[in-house]
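Residue numbers (mature numbering (1 follows the signal peptide of the UniProt record, and there is no 0)): -25 to -1, 1 to 402. Let me begin by presenting the structure, written as structure tokens, before commenting on it.
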Amino acid sequence: MDLLTTSAFLILCIVISSSLGNGDGQKTFNVVDFGAIGDGKTDDSDAFSKAWTDFCSATGDSATLEIPANKRFLLKSTTFRGPCKSNSVHIQVSGNIVAPDSKSWKQCESQCWLSLYDVQGLSIDGSGTIDGNGHGWWNQGEDGCNRPKAVYFHNCNNLQVKGITIVNSPKSHISINTCNGVSVSNIHIDSPEDSPNTDGIDISFSTQVNILDSSIKSGDDCVAINGGSSNINITGVACGPGHGISVGSLGLDGADDKVEEVHVRNCNFTGTQNGARIKTSPGGSGYARRISFEHIRLIASKNPIIIDQHYCGGGGGCKGTSAVNVSEVTYSDVRGSSADEKAITFGCSEEGCFGIKMEQVSITSSVPGKETIAYCQNAHGTSSSTSPHCRGDCIQWLPKPYIRAIDWLFDLSTSCAPRQGRASSVP
């Protein structure tokens, strides 16, 4: 065999080997191969669990759990647990997944519909829809089981969620708890404006979370950043209807909650009940600091800019002085229209909010002929090129060294305190 023939033979062997794959390559697990029917009526939970077991146990470079197109898979409350063995784990959602109706919900002890625990390096993408079938839940009030969250991630580090659609969750659509390094992008969340507590994305006890280029329509917060979270970036989100993008609520039921480094950029609020919101409750402790809202556009939104340190979770009647320290909050290039007369509300506690910076803010009324106003209570900071005007008693100026001293003293007073309230527990 001459050199040319030998070379051609070797190349052919390499091509064949690559096409056939090997034990360390890509492995795909289609839920249909494990007995899933996908007719929207048959319970496919067991088939999904069997597929997950093999998928998560697979070794090699990567493994894919395939949920095929043109099918509708009915799943009851199901938990998918890691850690998985493959270096890269991927869920391809091409088909649709639907929850049982509320009358068929047999596991009242479960607070979640689809739960993923301890799965590292997970990516989820596809054009499929996850339908929480929440209509029956929204109308039942306090009777029956507690309304479950739709998709819940716990301790899933280096998580990526892209392209999927989640609709009609009984409660929050996506919950991210105790995760580090999360990217959620190009997703669509849609629930009616009057659906109760249907937060789009809830974040708690998590760091390095990026929410990008997504649309969220819900009956509650489009995104809520809760205690224990830091380095949260929200960019390019279209919110509305909904309750805006909220830091909090913090300090509810006496909790010690800390949130910092939250940056919201290039987001639009359309017909929302709130826009850029920070909410804390009397009786709690902790802090919300180094928060920015930049390049925000508003269309007929209520409460476009609001800090509420008297938030009671909708129940009213809560008492006490809020010890949740709010500081270093920036609003820059916030423009559009308000459906309320009060376009800017800083309802700070007696301890005050410090380091508020307003620049290039212009909010007019969505009602022709009406004007907007700014309301401030115990708010300290600076304001420039802002309309409605935040001047005089509205924002009281304090020098930066004083603000830093307040933050330092606050850190010192809380650093050794035992944590109370919300634990990082799974539902």
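Don't be surprised by glycine CBs; every beta carbon is placed ideally from N, CA and C.
Nearest to residue i (by Cα), restricted to the options the options
| i | options | result |
| --- | --- | --- |
| Asp165 | Pro216, Cys154, Ala199 | Pro216 |
| Pro75 | Ala298, Ser144, Leu134 | Ser144 |
| Asn121 | Gln86, Thr320, Tyr127 | Gln86 |
| Glu326 | Gln352, Val309, Thr28, His65 | Gln352 |
| Arg310 | Ile151, Phe55, Met333 | Met333 |
| Gly107 | Gly322, Gly(-1), Arg47 | Arg47 |
| Ser77 | Asp100, Ser102, Gly111, Leu89 | Gly111 |
| Ser158 | Ile281, Val142, Val136, Pro257 | Val136 |
| Thr104 | Leu49, Ser90, Asp283, Gly156 | Leu49 |
| Gln1 | Phe9, Ser63, Pro58, Asp19 | Ser63 |
| Leu227 | Gly259, Gly322, Gly250, Gly344 | Gly259 |
| Gly57 | Thr210, Lys233, Asn130 | Asn130 |
| Trp80 | Gly96, Asn132, Leu97, Gly109 | Gly109 |
| Gly202 | Ala213, Ser256, Asn241 | Ser256 |
| Val239 | Thr247, Gln248, Ile207 | Ile207 |
| Gln183 | Val142, Lys345, Asn133, Asp195 | Asn133 |
| Tyr92 | Phe128, Glu168, Ser61 | Phe128 |
| Ser324 | Tyr286, Asn172, Gly250 | Tyr286 |
| Ile209 | Gly246, Asp195, Ile271, Asn172 | Ile271 |
Local conformation of residue i per DSSP, three classes
| i | result |
| --- | --- |
| His270 | strand |
| Cys31 | helix |
| Ile99 | strand |
| Gly111 | helix |
| Ser52 | coil |
| Lys2 | strand |
| Gly356 | strand |
| Val239 | strand |
| Ser341 | coil |
| Lys78 | helix |
| Gly229 | helix |
| residue 405 | With the chain covering -25 to 402 only, the question about residue 405 has no answer from this structure. |
| Asp8 | helix |
| Ala318 | strand |
| Tyr377 | Because the pLDDT at Tyr377 is just 49, under 50, the model does not fix this residue reliably, and the value given afterwards should be weighed accordingly. Three-state result, Tyr377: helix. |
Whole-angstrom distance between residue j and residue i, CA atom to CA atom
| i | j | result |
| --- | --- | --- |
| Ser147 | Asn300 | 27 Å |
| Ser160 | Lys192 | 15 Å |
| Ser181 | Ile149 | 13 Å |
| Asp177 | Val237 | 14 Å |
| Ser341 | Ile162 | 29 Å |
| Tyr306 | Ser312 | 15 Å |
| Asp315 | Asn5 | 51 Å |
| Gly156 | Ile282 | 28 Å |
| Cys365 | Phe244 | 22 Å |
| Tyr262 | Asp36 | 42 Å |
| Ile200 | Gly15 | 34 Å |
| Asp188 | Gly138 | 10 Å |
| Gly175 | Val198 | 6 Å |
| Lys51 | Ile42 | 16 Å |
| Arg264 | Gln335 | 21 Å |
| Pro167 | Thr34 | 42 Å |
| Ser204 | Thr3 | 35 Å |
| Ile253 | Ile370 | 17 Å |
Bridge partners - residue i, DSSP secondary structure assignment
| i | result |
| --- | --- |
| Arg122 | None, per the DSSP bridge assignment. |
| Arg47 | Asp14, Asn71 |
| Thr104 | Thr140 |
| Thr262 | As written in the sequence, residue 262 is Tyr, which differs from the Thr given in the question. Looking at the DSSP assignment, Tyr262 forms a beta bridge with Lys233, Asn300. |
| Ser224 | DSSP lists no partner for Ser224. |
| Ala349 | Ile319 |
| His129 | Tyr92, Asn152 |
| His65 | Thr39, Ser98 |
| Gln371 | His355 |
Closer than 7 Å: residue i CB and nearest the ligand NAD heavy atom
| i | result |
| --- | --- |
| Ser340 | No copy of the ligand NAD appears in this structure; indeed no ligand is present at all. |
Minimum Cβ-Cβ distance from residue i to chain D less than 8 Å
| i | result |
| --- | --- |
| Asp308 | Of the protein chains in this structure there is only one, and it is not chain D. |
Next item on the list: Enumerate, from N- to C-terminal direction, the unbroken beta strand (DSSP E) stretches of 3 or more residues contained entirely within the stretch 144 to 213.
Entry: 149 to 152, 155 to 160, 163 to 165, 176 to 179, 182 to 187, 190 to 192, 198 to 200, 204 to 210
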